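Before any comments, here is the structure.
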Amino acid sequence: MDAILLAVYILLFPGFLFLLAYAFFFQFLDRKISARMQNRVGPPFLQPFADFVKMLGKEVIDVKGMDRKAFDAAPILALAAVMTAFLYVPIVGNSPLAFQGDLILVLYLLTLPTIVLFLLGWLSRNVFATIGGVRAVTQMFIYEVPFFLALLTPALMAGSWSITDIVAWQQSHLWLAVLQPIGFVVALIGLQAKLERTPFDIPEAETEIVAGPWTELTGRRLALMHLTLDVSMVVGSALVAALFLGGPLVPWTITPDWLSWIVGFALFFVKTLGVLLVLASIKVATGRIRIDQLNDVGWKYLATAAIVQVMIVLLMNYWWVSA
Amino acid sequence: MTLSQRLANWARMKSPWITLFNSGACNACDIEVIAVLTPRFDVERFGILAKGSPRHADILVVTGPVTRKQAPRLRRIWEQMPEPKYVIAMGACGASGGVFRGLYHVVDGVENVIPVDVFVAGCPPRPDEIINAVVACLGLLKEDLAHGGKAWRTKPKVIERVVPTEGTPVPPKPAEVPA
Amino acid sequence: MAEVVVPIGPHHPALKEPVNFKVVADGETIVRLELDVSYNHRGIEKAAEQRDFVRVVPLLERVCGICSHSHTTVFVKGIEEAMKLQLPPRAQYIRTIVAELERMHSHFLWLGVAAHEIGFNTLFMWTWRDREAVQDMLEEMTGNRVNYGINEVGGVRRDLTTDQIQAALKRLPHLEDRIAKYVDMVNHEQTMMIRFRGVGKLSRVDALKLGAVGPTARASGVDYDIRKDDPYIAYADVPWKVVTDTHGDVYGRTLVRIGELQESLQIVRHCLENLPAGPIKVTSPRAAPKGEVLSRYEAPRGELVHFIRTNNTDKVERLDIRTPTLANWTSVAVSLVHQNLADIPVVVAAIDPCLSCTSRITIVNERGRKTGELTWDELSAHGRAFYRNGRRA
Amino acid sequence: MSELLKLEQVARAMEGIGTPEAVKANRIRVPTTPAKVKEAVRRALTDLACDHVVQIAAVDNGKAFELIYHLTGPHRTVVAIAIELPRDKPEVATASDLLPPAGIYERQIHDLLGIVFVGHPDLKRIILNEDWPANEFPMRKDWKPNPNTFYGGVRKEAT
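Protein chains in written order, with numbering that gives the first Met the number 0: chain E, 0 to 322; chain L, 0 to 178; chain C, 0 to 392; chain W, 0 to 158.
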């Protein structure tokens, strides 16, 4: 693809601008669904955009003795990492930047915001922030292993480390959610933990340690970190939709090129909304569990389920290859 | 005003975040402020969110006559909030100490500790009056942005004393009125 | 081994009221708890000595917003006992109705706040939506959602009209099945059970020794309830039973409070249905004869006590208020040691602290070791050490 | 719900300390001296099966300070042990080792009325704010707030 089309791909359509709009739309939907489930009216459509612009306009407060430059750079780093991860997930058709092993890159880029949260907690010299940061890292150790295992089993079955190939493989076989149900469930729970949403929002536990690592963030830093969380929600659900629900491709080929793009985008849209609906209802239906309970749940149930899933996939591969 | 200025004003009007500070109140006002967040009065439809930390909030809702022990903390919380910040003093206690005026452990009213922008009448004010107060506070925010800051409306601290023309009886100063 | 001093409060989202905990925590478990509460002290007892019986009732109404009717009823009942006044039964019934409605709205409020403490916001929204029905009933009967102002020495200031009674009776069935729904939700919802079971355990002996009162004590099997022990207003001739439980932890207290919700609803229905006719107040003399009265009342949070000494004038010589939350502080401080940092809001919320009534402090020192303020690098060193050798530092 | 205590029961338990008089059906008052109050509380806890301290009321009746310990138990009768303390040196032995919640009540009484409880683990400031002058006790009848001392809150020039 020549340079101009690539630039459009990165900056305009499935890249920067579209991702921003889609992130705001996702935040609006998430707050609206959980509000309606709590029998409230919920925010208006442009609310996330208004929050973002207002936060940009607020005064930025620096705590005494804080490393200003690092504190400014951290949110930008987190946002950049999550945005580049979105480029490798197929949206319309195959993503032009795909290469063998981009699944590993996306997973790595998705863990960067948690480390940045820990960094923010550490830099802001506030007891609540530090404890929040330590909890964020503790939580990451717990859910990271099962989440990675659950997301790597599709690669094992499809025999390739690139998301685009996995999506292409699913075009000719059943959806991986059907073939690997346990992996699908573990991936959803892991995603909920990565996005630090209610059953697992221990670092930001509003009623225990004020706002965790977010306590000292004000003005544009807060705006960027909120945006990072929204974008990582979009990227996470797009990743789960691509790996388990078949992504934007349809089994039979559609002749005119632009029509297949539109159908592909519509499928992507519907599938990511489905994932969001599941995440929002988990958030509404449960309370927050403690860090040590998360430890038990994480290692006893999630990890074993992921390992069992890997075993099943290896066995299935063995039979298919031999059959 | 430039486009970006209008956009900033629109955004500030559309997403006021409040934080609640109980400065020694009888917590009737507090449960009414929390009732504002619940399904019947639901303020999230106006974009109002209740934030835990003063760092993230725009409007500080203060309830109760400030007790002597809570006054320095109220002052520190107010200083921690980032600029364009506003203060709503709740109920009769916030305005003048209400039924607790003159008690030995109470600094009567929020005015003596931090500058207040909006007072809400009532003991406790009903939830819809509280929403009305936030809307009034947003109106104030709009005017302040037009005049560039709060200076235009803060009344001068020193009130000059009007020299009475002879013949008219001088009203006794409040201290002289027999208690 | 250095410890982390975590100040929670006085401005903290978990606590709807100003209390300050200096929690000395070793990682996530609490070693020592310093509690500093007196941010709400306004000097009401001193002011009460300068106000006559008519003007002191509005002041006592605002000791605490959630249990305002309790404070006025216990004071007015004490003064009537000193004056040896005989109240008409209709006034006693109206006071009981408003008292039980206040208990219902207070317990609904507590259920929501307890769920909010563990992040379960849906239940918070639902319980507070149902509480609005109770608020409407109170507003129709007394004219105000909170601080009802229905009590005065010698009786009640407002009468109940028949359509107010019918409107209230129509709302009760809906509330009844909502409460039933919350009972099975508390018993089956996973995250609530994990966060409530076994947290803040208080044995029966400890509950008695540490002077716990109200639902906190009744959840550990202590069956003290002033409405049964020392019946006042109309509780003697209303059929109801004391709700107790044996779990002794936050889960037990939740069950006791929901049980009391159901009992209160039955009491309100009974009083509304057979409200005796007759006058609603009797003219009371201006001054109260010399005497000393210990007036006790079962507030939503526990046993509320007003010690009133009168001296032939129309003012109180001394009013000493002992509030239920004050009695519960010792038990919460003891049951918190060894718990998790994340459990503080839940256990504190479990005694449903009403800080506007209370302003006292206690220090519980578990192993009595010296813990000074931590410098920054000690804290970070502690963090690394704590996680390097698997939470045993 | 055992039945109420009889007057003779209390008299037998408290002989040598004070003569009880029944103020009401379920309230018996035992006036005694400050020296014997600890012994009275111990007997109430053991012989009269009281296990719950209702309240420790403190009154300044102009001439002297009065302390009234209200105790109750499963028998649902309130045993009130009343003592009188001289105004110039109000001291009494602490009851917090027998009754743990008394630790709080005594510290509040010390703050408001200035009664010293000998043997109390840490009789620090509880109820008034940090910069309240140490020797002023607001609940005393003869206390008037004098305008020029600073009782706390934010200093005038800070607003």
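Note that CB positions come from ideal geometry on N, CA and C, so glycine has one too.
Model, not experiment: these values are computed from the prediction.
Going by DSSP in three states, residue i sits in which element: helix, strand or coil?
i	result
Gln-107(W)	helix
Lys-123(W)	coil
Pro-30(W)	strand
Val-59(E)	coil
Phe-98(E)	coil
Tyr-87(E)	coil
Ala-179(C)	helix
Ser-159(E)	coil
Gln-54(W)	strand
Asn-294(E)	helix
Thr-190(C)	helix
Thr-71(W)	strand
Ser-294(C)	strand
Glu-82(L)	coil
Lys-280(C)	strand
Gly-154(C)	strand
Arg-64(W)	What sits at residue 64(W) in the sequence shown is Phe, not Arg. Looking at Phe-64(W) - three-state DSSP - the assignment turns out to be strand.
Taking the Cβ atom as the reference point for each residue, do residue i and residue j lie within a distance shorter than 7 Å?
i	j	result
Lys-140(W)	Asp-59(W)	yes
Arg-88(E)	Ala-186(E)	In the sequence as displayed, the identity of residue 88(E) is Val instead of Arg. No, the Cβ-Cβ distance between Val-88(E) and Ala-186(E) is not below 7 Å.
Arg-217(C)	Val-255(C)	yes
Val-81(E)	Val-230(E)	yes
Gln-91(C)	Ala-298(C)	no
Tyr-223(C)	Lys-76(C)	no
Met-89(L)	Thr-66(L)	no
Pro-74(E)	Met-224(E)	yes
Ala-81(C)	Val-315(C)	no
Pro-64(L)	Val-145(C)	no
Glu-407(C)	Val-267(C)	The structure shown does not extend to residue 407(C), since chain C is modelled only from 0 through 392, so no value can be given for it.
Phe-128(C)	Pro-38(L)	The amino acid occupying residue 128(C) in the given sequence is Arg; Phe does not appear at that position. Yes. Within cutoff.
Thr-71(C)	Val-56(C)	yes
Return the first residue and the last residue of the alpha helix (DSSP H) that residue i is part of.
i	result
Asp-319(C)	Premise fails: Asp-319(C) lies in the beta strand (DSSP E), 315–321, not in any alpha helix (DSSP H).
Ala-88(L)	First-last for Ala-88(L): 85–89, but that is the beta strand (DSSP E), not the alpha helix (DSSP H).
Leu-3(L)	In the sequence under discussion, the amino acid at residue 3(L) is Ser, which differs from the Leu named in the question. Counting along the chain, the alpha helix (DSSP H) containing Ser-3(L) begins and ends at 2–13.
Asn-141(C)	Note that residue 141(C) is Thr in the sequence shown here, rather than Asn. Run containing Thr-141(C): 120–141, per the alpha helix (DSSP H) assignment.
Val-35(L)	27–36
Ala-79(W)	Note, Ala-79(W): premise wrong, no alpha helix (DSSP H); beta strand (DSSP E) at 77–84.
Glu-20(W)	No alpha helix (DSSP H) holds Glu-20(W); the beta strand (DSSP E) holding it covers 20–23.
Phe-74(C)	67–82
Thr-95(C)	88–116
Expressed to the nearest angstrom, what Euclidean distance is found between the alpha-carbon atoms of residue i and residue j?
i	j	result
Ala-10(L)	Gly-120(E)	28 Å
Ser-330(C)	Asp-205(C)	8 Å
Gly-132(E)	Leu-116(E)	6 Å
Ser-3(L)	Val-52(E)	10 Å
Leu-201(C)	Asp-50(W)	16 Å
Pro-81(L)	Phe-45(L)	21 Å
Leu-275(E)	Phe-25(E)	8 Å
Val-112(L)	Gly-101(L)	16 Å
Ala-166(C)	Trp-131(W)	52 Å
Arg-41(W)	Arg-252(C)	31 Å
Gly-247(C)	Phe-23(E)	46 Å
Arg-317(C)	Arg-35(E)	53 Å
Output the boundary residues of the beta strand (DSSP E) element that contains residue i.
i	result
Trp-16(L)	16–21
Glu-90(W)	90–92
Thr-62(L)	58–62
Leu-303(C)	301–309
Val-115(W)	115–117
Write down every uninterrupted run of the alpha helix (DSSP H) in the region 216–258 of chain E whose length is 4 residues or greater and which is fully enclosed by it, in chain order. 218–244
Tell me the start and end of each unbroken alpha helix (DSSP H) in the region 202–261 of chain C that is at least 4 residues and wholly inside, in chain order. 203–208, 213–217, 225–228
Entirely enclosed alpha helix (DSSP H) segments - the region 100–137 of chain L, minimum 4 residues: none
Which complete alpha helix (DSSP H) runs does the region 173–204 of chain E hold, if anything under 4 residues is left out? 175–178, 180–193
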